[in-house]
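Below is one structure, written out as structure tokens, with a few remarks after it.
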Amino acid sequence: MIPSNISLITQEATCKWKSLNNLNARGVIMNGIPESQMSESVLNVTARIGIEKRCTLCKEMKFLNEYSPGHGTRDGKATECKSCHADRNRRYRKNNTQSSRDSGKKWRDKNKDHCRKMKIKWCEKNRQKEIERTNRYMEKYPERKRAQMDVRNAIRRGDMVRLPCEVCGLERSHGHHDDYSRPLDVKWFCALHHKAYHMKCSARRD
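Sequential numbering of the sequence shown, starting at 247, is according to the numbering used here.
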């Protein structure tokens, strides 16, 4: 039973709440009552009007944008929040390292085009992070930086032509060096197959 001094959010108030940022939906219906004194029935009000729901793992009430899309639920959201879902997946990968790698490789091999598009999209959205990551790599491996610079300069001069990926034919390719002491001796791969080639080389060394 909801206390009499607590009014449910009307449709107008709900629309107003959706248009505001960082507004606590509970505050709209609490009418000044401290959150610590709210009963369980009051806490469920926001869930019933489709603003919040309780995570099945951490048991906390969270806004719906903190849940991933889910199937088979009335609100179309997963039963566990994003942070709990990420923690559970992280623990599983830690305890099942090899099976996680195998399943991940199987999925990537089956969805190569999707992986390539998502990689390009991520790099475009996080350009500064990609630049910082590249700079750290170049500082750690200066001989690789020199070899890559030699390839770029050779292409700029016209002494070398950037070829499509040797595996899939994608024109947006990287030059791979098997031996950095021979900077102009390269193999051409797209980002996805370049990474796969490195993993294959690492498996051979192991």
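Where a beta carbon is used, it is the ideal one built from N, C-alpha and C, also for glycine.
Here the structure is a predicted model, which is why all the values come from computation and not from measurement.
TODO: May I ask you to report which of helix, strand or coil DSSP gives CYS327?
DONE: CYS327 falls in the strand class under three-state DSSP.
Open item on the list: If the criterion is Cβ atoms closer than 7 angstroms, does the pair LEU409 and TRP434 meet it?
Closed with: In terms of Cβ geometry, LEU409 and TRP434 form a close pair [threshold 7 angstroms].
TODO: Using only alpha-carbon positions, find the residue among ALA437, GLY404 and GLU417 that is nearest to LEU430.
DONE: The residue among ALA437, GLY404 and GLU417 with its C-alpha nearest the C-alpha of LEU430 is GLY404.
- [ ] For the region 293-375, list the beta strand (DSSP E) runs that are entirely contained and at least 3 residues long, ordered along the chain.
- [x] Restricted to the region 293-375, the beta strand (DSSP E) segments that are unbroken, complete and at least 3 residues in length are 298-300, 307-309, 313-315 and 323-327, listed in chain order.
TODO: Return the chain-ordered list of same chain residues with a C-beta closer than 8 angstroms to the C-beta of PRO315, the five sequence neighbours on each side being excluded.
DONE: Cβ neighbours of PRO315 beyond the five flanking positions: GLY322, LYS323 and ALA324.
Open item on the list: Distance check for MET364 and ASN357, CA to CA, integer angstroms please.
Closed with: Spanning the two alpha carbons is a distance of roughly 11 angstroms.
- [ ] Please name the residue in CYS304, GLN394, CYS330 and ILE377 whose C-alpha comes closest to that of TYR426.
- [x] Of the candidates CYS304, GLN394, CYS330 and ILE377, the one whose C-alpha sits nearest the C-alpha of TYR426 is GLN394.
TODO: Inspect the beta-carbon positions of HIS440 and HIS422 and report whether they are closer than 7 angstroms.
DONE: In contact: HIS440 and HIS422 (Cβ atoms closer than 7 angstroms).
Open item on the list: Ignoring anything shorter than 3 residues, give me the beta strand (DSSP E) runs that lie fully in the region 386-446, in order along the chain.
Closed with: 420-423 and 432-435, all fully within the region 386-446.
Task: ASN268 burial status per 10 Å Cβ neighbour count (16 or more: buried) - done: Legend: pLDDT at ASN268 = 37, less than 50; position of this residue unreliable, value from coordinates given subsequently. Exposed, by the Cβ-count rule.
TODO: Measure the beta-carbon distance from CYS414 to CYS447 and round it to whole angstroms, keeping in mind my assumption that it falls under 8 angstroms.
DONE: No, CYS414 and CYS447 are not in contact; Cβ-Cβ is about 19 angstroms, not under 8 angstroms.
Open item on the list: Once the 5 residues before and after TYR443 are set aside, which same chain residues still bring their CB inside 7 angstroms of it?
Closed with: The beta carbon of TYR443 lies closer than 7 angstroms to those of HIS422 and PHE435 in the same chain, with the five residues before and after it left out.
Open item on the list: Can you list, in chain order, the residues of its chain with a C-beta nearer than 8 angstroms to that of ILE401? Leave out the 5 residues immediately preceding and following it.
Closed with: When the five nearest sequence neighbours on each side are left out, the beta carbons in the same chain lying within less than 8 angstroms of the beta carbon of ILE401 are those of VAL407 and ARG408, in order along the chain.
Open item on the list: Taking the beta carbon of GLU417 as the centre, do at least 16 other beta carbons fall within 10 Å, making it buried, or is it exposed?
Closed with: Only exposed fits GLU417, as fewer than 16 other CB atoms lie within 10 angstroms of its CB.
- [ ] Quick one: residues in its chain with C-beta nearer than 6 angstroms to the C-beta of LEU464, no 5 flanking neighbours on either side, listed in chain order?
- [x] The question about residue 464 has no answer here: the residues shown for the chain are numbered 247 through 452.
Task: Assumed close pair SER349, TYR338 - CB separation to whole angstroms, cut-off 8 angstroms - done: That pair is no contact at about 11 angstroms.
Task: Assigned exposure category for ARG362 - 16 Cβ within 10 Å defines buried - done: Around the beta carbon of ARG362, 16 or more other beta carbons sit within 10 angstroms, so the residue counts as buried.
Open item on the list: Tell me the rounded alpha-carbon separation between GLU378 and ARG320.
Closed with: Going by the C-alpha atoms only, they are around 43 angstroms apart.
Task: Rounded C-alpha distance that separates MET384 from LYS305 - done: Whole-angstrom Cα-Cα distance: 45 angstroms.
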